[in-house]
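When we follow my numbering, the leftmost residue of the sequence shown carries the number 409, and every step to the right adds one.
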Amino acid sequence: MTSSVKLDRSGQQSVGASTESFPLYGLLALSAAIFISMATEFLPGGLIPQIAADFDRSAGEVGNLVTVFALTVILTAAPVAVLTRRVQRKALILFAFALIGVGNIATVLAPSFEFLLAARVLGALAHGAFWSVCAAYPAHLVRPTQLGKATALTAAGGSVAGVVGIPLGNALGQAFGWRVSFGVLAALVMITGLIMAWKLPSVAIRADRPSSEAVPAVRGNATLPAILIVCLLITLVVAAQNSFGTFNVVWLLDVVHVVPLAVPVMLFVGGVAGAVGVALTGILYNKFPIRLFLGSLAVLVALLGSLPLVVGSEPAVWLLSSLLGAVFGGVPVMLQTRMMIVASPRMRNVAAALQTTAFNVGIGGGAFMGGVVIDRLALDVLPFWAAVCMFVALLAAGTWEIFIRRRPENASSQEKVEDHGSHG
C-alpha cells in the first residue's frame with residue numbers, strides 16, 4: 409500500500425507525513441520511467457541511418473526528429489504545467505507516461521516522415537507534462553538529508569538512457585528494423601506504468617494559493633537568480649554534448665568507418681561506462697561538488713577535442729568514446745542535484761519546469777547546431793565544434809563559481825527560513 413506525502417503551501421512536508429523509510433522501490437520505478445522517457449527522446453539519434461534510408465531523407469533531416477521533440481517540450485511544458493497544477497501529481501505522471509507509450513506506438517505505425525514528426529510531437533507533449541512533475545517528485549518524498557541520494561537515483565534513469573538506451577535501440581534497429589526499437593519502448597511503458605501505479609507514493613500538493621499571489625512570490629524569491637543560472641549551465645552543457653551526441657552513430661560509420669555491427673557494441677561499452685560515472689557521481693558529489701563538476705566539464709572538452717585526432721585508430725576511438733560516456737553520465741545528475749539544492753522548497757516545482765525547458769533547449773539546440781555543422785561544414789569537424797561549445801560552458805560555470813562564492817546555497821537556506829517563518 410502506497411503512502412501519501414502531504415505538502416503545505418511552501419512545499420514542506422507536513423507534520424505526520426510518512427518520511428521514516430526511504431521509498432526505494434517507488435524511486436526505482438520512477439527512475440525506470442525516466443529512462444524510457446529519455447530513451448524515447450534520444451532514440452532517433454541511434455537510428456538515423458535506418459530511418460533516413462526508410463524515408464529517403466538526409467541525416468540532418470532525420471536529426472530534426474530530436475529537434476522537433478525538444479522544441480515541442482520547450483513551447484508546451486510551462487503551459488501544461490500551469491493547466492495541470494491542480495491535478496493530483498501521481499495521476500498526472502501516470503497519464504503523461506501512458507501518452508508517451510501512445511506516441512511510441514504511433515511512431516511504430518508511421519507511414520510517412522511527416523506522420524513520424526507528428527508522432528514525435530505527441531510524445532513530446534507527454535514528455536513535457538511528465539517531466540514537469542517527476543523532476544521535483546523525489547524532493548517531496550524524502551528528508552533534506554536524503555535529497556542527493558534520491559535525486560541521483562532517479563536522475564540516473566535519464567543519464568543511463570542517453571548512453572544505454574541508444575546502443576540497445578541501435579542493436580534492435582539493425583537486427584529487426586527501427587520500428588521494433590520503438591515497439592519495445594511502448595511495451596516497457598505498459599510494464600513500468602503498472603509498477604509505478606503500485607509502488608510510487610502519492611504526493612498531495614495544496615494548490616489553493618491564488619495565481620495573483622503566486623507570481624509575485626516567484627518574482628521576489630531569493631533563489632530565482634540561482635535557478636536561472638543553473639538553467640543556463642544546463643542549456644550550454646547539454647547543447648554542447650548533444651551537437652555531437654545526436655550524430656555520434658553517423659560519425660562512427662562515415663568518419664571512423666566502424667563496421668555497422670560494431671556500433672551497438674561500442675555504444676553499449678559507453679553505456680556501461682556511463683552507468684559507472686553515474687554511480688561515482690552519487691558517491692563523490694556531496695564531498696566535492698564544485699571541483700567534480702568543473703573537472704568533468706574540463707575533461708569533456710579534452711575528450712571531444714581529441715576524438716578527431718585519433719580517427720585513424722579504432723581502439724583509441726573506443727577508449728575515448730567510453731571515457732566520454734563515463735564523464736558525461738554523471739553531469740546531468742550534478743546539474744539536477746544542484747537545481748534542487750539552490751531552489752527553496754516552494755520554488756521546486758517552478759525549478760523543475762524551468763529545468764525541463766533548459767534541458768530541452770540544449771537538446772534541440774544541440775541537435776540543430778550539429779545538423780548545420782554537418783550540412784555547412786563537414787561531419788569530420790563535429791567533435792571540434794562540440795569541444796568549443798563545452799569550453800564555453802566551462803567558462804560560464806567557472807565564472808559563476810568565482811563571482812557568486814556559493815551564495816545560491818546561502819540564499820536557498822535563507823528562503824527556507826523565510827518559508828518556515830511565514831507558515832510556522
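Think of the CB as a built atom: it goes at the ideal place given N, C-alpha and C, for glycine as much as any other residue. Please read these numbers as outputs of a predicted model, since none were measured by experiment.
beta-carbon residue i near the ligand SAH non-hydrogen atom, thresh 6 Å
| i | result |
| --- | --- |
| Phe503 | Looking at this structure, you won't find the ligand SAH or any other ligand, since it has none at all. |
Cα-Cα separation between residue i and residue j, rounded to whole angstroms
| i | j | result |
| --- | --- | --- |
| Leu717 | Gly738 | 25 Å |
| Ala563 | Ser439 | 7 Å |
| Ile796 | Met777 | Ile is not the amino acid found at residue 796; the sequence shown has Val there. If I take the Cα positions, the gap works out to 13 Å. |
| Ser589 | Leu580 | 6 Å |
| Ala615 | Phe503 | In this prediction, Ala615 scores a pLDDT of 47, lower than 50, which makes its location untrustworthy; no coordinate-derived value is stated. |
| Asp788 | Leu432 | 44 Å |
| Ser418 | Gly509 | With a pLDDT of 39 at Ser418, under the threshold of 50, the modelled position of this residue cannot be trusted; read the value that follows with caution. Near 34 Å, if we compare the C-alpha coordinates of Gly509 and Ser418. |
| Leu517 | Arg587 | 8 Å |
| Ala724 | Ile691 | 28 Å |
| Glu522 | Ala461 | 15 Å |
| Val888 | Arg494 | Beyond the ends of the chain as shown, which are 409 and 832, falls residue 888; an answer cannot be given. |
| Asn578 | Val671 | 8 Å |
| Val673 | Tyr545 | 34 Å |
| Val476 | Met748 | 28 Å |
| Leu712 | Leu576 | 23 Å |
| Leu525 | Ile810 | 43 Å |
| Ile637 | Thr654 | 25 Å |
| Ala441 | Val686 | 17 Å |
| Gly806 | Leu644 | 13 Å |
| Val413 | Val658 | Reliability fails at Val413, whose pLDDT of 48 lies under 50, so the model's placement of it is uncertain and no value is given. |
| Pro452 | Val470 | 8 Å |
| Ser721 | Ser729 | 12 Å |
| Asn512 | Ala710 | 36 Å |
| Ala647 | Leu641 | 10 Å |
| Ser820 | Ser752 | For Ser820, the predicted model reports a pLDDT of 43, less than 50, meaning its position is unreliable; a value from the coordinates is still stated below. Cα-Cα distance, rounded: 5 Å. |
| Gly565 | Phe538 | 14 Å |
| Leu500 | Pro697 | 33 Å |
| Lys498 | His535 | 15 Å |
| Met598 | Gly703 | 39 Å |
| Gln850 | Leu705 | Only positions 409 to 832 of the chain appear in this structure, which leaves residue 850 out of reach. |
| Ile444 | Gly601 | 11 Å |
| Ala804 | Val611 | 36 Å |
| Leu661 | Val719 | 11 Å |
Three-way DSSP call (helix, strand, coil) for residue i in this model
| i | result |
| --- | --- |
| Val611 | strand |
| Arg551 | coil |
| Ser714 | helix |
| Tyr693 | coil |
| Arg784 | helix |
| Arg494 | coil |
| Gly733 | helix |
| Val663 | coil |
| Gly720 | coil |
| Arg699 | helix |
| Gly585 | coil |
| Arg465 | coil |
| Ser429 | coil |
Start and end residues, alpha helix (DSSP H) containing residue i
| i | result |
| --- | --- |
| Gln744 | Val739 to Val750 |
| Leu525 | Phe521 to Cys542 |
| Ala504 | Arg497 to Val516 |
| Thr448 | Leu432 to Gly454 |
| Thr643 | Leu632 to Gly653 |
Nearest candidate by alpha-carbon position, reference residue i, set the options
| i | options | result |
| --- | --- | --- |
| Arg756 | Val673, Leu491 and Cys542 | Cys542 |
| Ala560 | Val781, Tyr693 and Ser704 | Tyr693 |
| Asp783 | Ala467, Leu549 and Leu802 | Ala467 |
| Leu491 | Leu533, Val677, Asn512 and Gly682 | Leu533 |
| Asp464 | Pro519, Phe792 and Ile442 | Pro519 |
| Leu530 | Ala506, Pro668, Leu688 and Thr765 | Ala506 |
| Ala630 | Thr475, Met798, Val750 and Leu802 | Val750 |
| Ser429 | Leu669, Ala558 and Asn656 | Ala558 |
| Lys833 | Leu803, Ile574 and Met742 | Residue numbering for the chain in the displayed model covers 409 to 832; residue 833 lies beyond these limits and cannot be assessed. |
| Phe701 | Ala486, Thr745 and Pro753 | Thr745 |
| Phe767 | Phe450, Ala437 and Leu435 | Phe450 |
| Gln582 | Leu705, Gly454 and Pro609 | Gly454 |
| Gly682 | Trp606, Leu732 and Ala447 | Leu732 |
| Pro791 | Ala706, Val680, Asn650 and Val666 | Asn650 |
| Ala447 | Gln763, Arg528, Ala759 and Arg497 | Arg528 |
| Gly774 | Ile459, Ala760, Leu473 and Phe443 | Leu473 |
| Val769 | Leu435, Leu708 and Thr484 | Thr484 |
| Val481 | Ala761, Cys639 and Leu802 | Ala761 |
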